[in-house]
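Number of protein chains: 2
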Amino acid sequence: MDGGAEHTHSRDPKRHRQLLIKATLDSVAEVGIAETTISAIIKRARLSRGMIHLHFGGKGSLLAASAASFSDEYYVEMDRQLALTSNSPAETILAVLRADLSPEILNERSVAIWHGLRGEARYNPEIAGYSDTRDKRLRSMINDAFDALLSEPPTVDSKAIANEVTLGTLALLEGMWVDYMTHPNAFSRETAARIITRFLNGVIPGSFNVETTAS
Amino acid sequence: MDGGAEHTHSRDPKRHRQLLIKATLDSVAEVGIAETTISAIIKRARLSRGMIHLHFGGKGSLLAASAASFSDEYYVEMDRQLALTSNSPAETILAVLRADLSPEILNERSVAIWHGLRGEARYNPEIAGYSDTRDKRLRSMINDAFDALLSEPPTVDSKAIANEVTLGTLALLEGMWVDYMTHPNAFSRETAARIITRFLNGVIPGSFNVETTAS
DNA sequence: CTGTGTAATGGACAATCGTCCATTAAGCAA
DNA sequence: TTGCTTAATGGACGATTGTCCATTACACAG
Chain A
9 MDGGAEHTHS RDPKRHRQLL IKATLDSVAE VGIAETTISA IIKRARLSRG MIHLHFGGKG
69 SLLAASAASF SDEYYVEMDR QLALTSNSPA ETILAVLRAD LSPEILNERS VAIWHGLRGE
129 ARYNPEIAGY SDTRDKRLRS MINDAFDALL SEPPTVDSKA IANEVTLGTL ALLEGMWVDY
189 MTHPNAFSRE TAARIITRFL NGVIPGSFNV ETTAS
Chain B
9 MDGGAEHTHS RDPKRHRQLL IKATLDSVAE VGIAETTISA IIKRARLSRG MIHLHFGGKG
69 SLLAASAASF SDEYYVEMDR QLALTSNSPA ETILAVLRAD LSPEILNERS VAIWHGLRGE
129 ARYNPEIAGY SDTRDKRLRS MINDAFDALL SEPPTVDSKA IANEVTLGTL ALLEGMWVDY
189 MTHPNAFSRE TAARIITRFL NGVIPGSFNV ETTAS
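From first to last, the protein sequence lines stand for chains A and B. For the first sequence, the numbering used here assigns the number 9 to the initial residue and increments by one for each residue that follows. For the second sequence, the numbering used here assigns the number 9 to the initial residue and increments by one for each residue that follows.
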């Protein structure tokens with residue numbers, strides 16, 4: 009019937025699962041979550057229509073699995089970059105900032121997925137869970153560092169300050185992501201990092217010296 | 009055209025146009041932009057199916073008109089609140105912060121619409137235009153105030169600083185909106201305002217004294 | 001080889017999407 | 001009233017949505 013069809017039924021369930029997740033994330037990144045339909049995903053993964061129901065039971069579960077995978081991607085890269093730095097509190101905070109603004113983590117693909125999944129989280133509790141987990145881990149990373157930076161051992165007052173500075177730093181980062189999403193080509197990672205450092209140097213003087221290095 | 013004559017009920021093109029826009033924004037706020045279909049909008053506005061095509065020509069144009077209306081809502085309320093304050097630079101900045109975090113402007117309805125339209129702006133240039141216009145006006149408001157606050161008349165250096173502080177302030181506000189959207193019930197407007205003020209007081213010492221006055 | 005179980009296929013299916021138009025209803029001029 | 005204009009209706013239409021399943025293809029045990 010067919011002479012040279014290289015695409016016969018390749019049997020590899022685990023790889024196909026991963027292929028579907030990747031296709032889903034790529035689709036959300038490129039055409040948005042509204043256009044990420046079963047047909048679009050299947051076409052991208054070059055698999056058959058029934059695969060999604062077979063492996064995930066429905067579109068919702070596939071989206072949730074994709075959110076989990078995306079969260080993993082984030083922390084794998086974050087941990088990789090953090091492993092390269094020393095572990096003083098100020099260094100850790102700066103390293104997190106740099107990583108969160110690095111091209112490997114902050115790019116057009118990731119902001120589009122981030123935005124799409126954030127919206128979907130309101131109606132899919134499973135996705136909300138993964139978003140929340142991601143946020144909490146980042147927050148405790150930064151919060152611990154500010155605790156150590158402000159007072160050793162931390163006092164009630166220093167902890168209160170650390171908490172507020174942590175929330176402010178996270179808000180700054182999230183705001184920068186929004187900025188990047190709305191104007192990807194006008195955005196400057198260096199400017200963003202400099203602004204955040206300026207603010208941190210303001211609230212905690214002397215710990216984030218920036219100006220020394222020539223640019 | 010005329011001042012009175014609002015007796016008619018079934019026939020009122022201008023009112024129906026407005027009704028459709030309101031229904032669209034309400035739908036985006038409550039069920040998300042994906043579920044905001046022609047049927048959903050019509051059902052909400054209690055009008056007939058053909059009205060959208062009649063008055064707007066299509067769903068895309070209705071969304072764009074809704075984005076314009078939403079942008080108006082924002083600035084009408086912002087201007088109203090700003091009119092109540094004195095016009096010293098520091099007071100202006102604080103007033104903008106307070107307004108942007110006030111229940112009239114920052115609420116579950118507005119963040120949901122804001123998020124939904126931001127995502128749609130990638131595929132509908134008309135919507136992107138209104139988002140951009142809104143952002144630019146807010147930015148110049150804050151930037152002008154920082155310019156005046158830092159140096160009178162502004163110097164090249166003070167303008168550079170004002171620009172970065174402006175971008176940082178906007179990022180903080182946008183981050184707070186994201187925070188509010190993801191955890192509406194855990195969010196505290198007072199804490200958010202205090203954090204931003206703390207950061208501003210850090211980068212520009214002495215201009216944003218917080219705890220002293222309550223009025 | 002044949003038999004058995006599972007991976008994979010791709011179309012059937014009802015529901016819903018957005019667009020569009022033939023028809024009806026309402027206001028105004030005569 | 002009669003005629004004319006336009007707002008408004010609501011269903012037809014083809015395309016597409018997500019779900020599901022009867023069928024087929026494959027790997028391996030025997």
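Just so you know, even glycine gets a beta-carbon here, dropped at the ideal spot from N, CA and C.
Is the CB-CB distance between residue i and residue j below 8 Å?
| i | j | result |
| --- | --- | --- |
| A:S74 | A:L33 | yes |
| A:M8 | A:H17 | No information on residue 8 of chain A is available, as it lies outside the stretch 9 to 223 that chain A covers here. |
| B:G124 | B:I41 | yes |
| B:V36 | B:T44 | yes |
| A:I49 | A:S56 | no |
| B:K121 | B:M86 | The displayed chain sequence assigns Ile, not Lys, to residue 121 of chain B. No, these two residues do not count as a Cβ contact at 8 Å. |
| B:V186 | A:V186 | yes |
| B:M184 | B:L109 | yes |
| A:R142 | A:Y82 | yes |
| A:E182 | B:E182 | yes |
| A:A31 | A:A53 | yes |
| B:G68 | B:N132 | yes |
| B:L105 | B:I204 | yes |
| A:G210 | B:V39 | no |
How would you write the range of the alpha helix (DSSP H) that residue i sits in, first residue to last?
| i | result |
| --- | --- |
| A:H123 | E116 to E128 |
| B:F78 | K67 to L90 |
| B:F195 | Here B:F195 belongs to no alpha helix (DSSP H), and DSSP marks it neither H nor E. |
| A:G40 | Premise fails: A:G40 is in no alpha helix (DSSP H) and is neither H nor E. |
| A:F64 | M59 to F64 |
| A:G56 | Checking the displayed sequence, the identity of residue 56 of chain A turns out to be Ser instead of Gly. Unbroken run through A:S56: none, as it is neither H nor E. |
| A:F154 | P133 to L158 |
| B:D108 | P97 to D108 |
Could you round the C-beta distance between residue i and residue j to whole angstroms and report it? I think they count as a contact, below 8 Å.
| i | j | result |
| --- | --- | --- |
| B:L90 | B:A107 | 7 Å |
| A:L70 | A:L28 | 6 Å |
| B:L180 | B:F207 | 6 Å |
| B:S166 | B:S159 | 4 Å |
| B:E116 | B:P192 | 5 Å |
Should the stretch 89-104 of chain B be regarded as contacting the stretch 150-162 of chain B, the criterion being three or more beta carbon pairs within less than 8 Å? yes
Would you call the stretch 168-178 of chain A in contact with the stretch 189-201 of chain A, where contact means no fewer than 3 C-beta pairs closer than 8 Å? With the cut-off at 8 Å, the stretch 168-178 of chain A and the stretch 189-201 of chain A do not touch.
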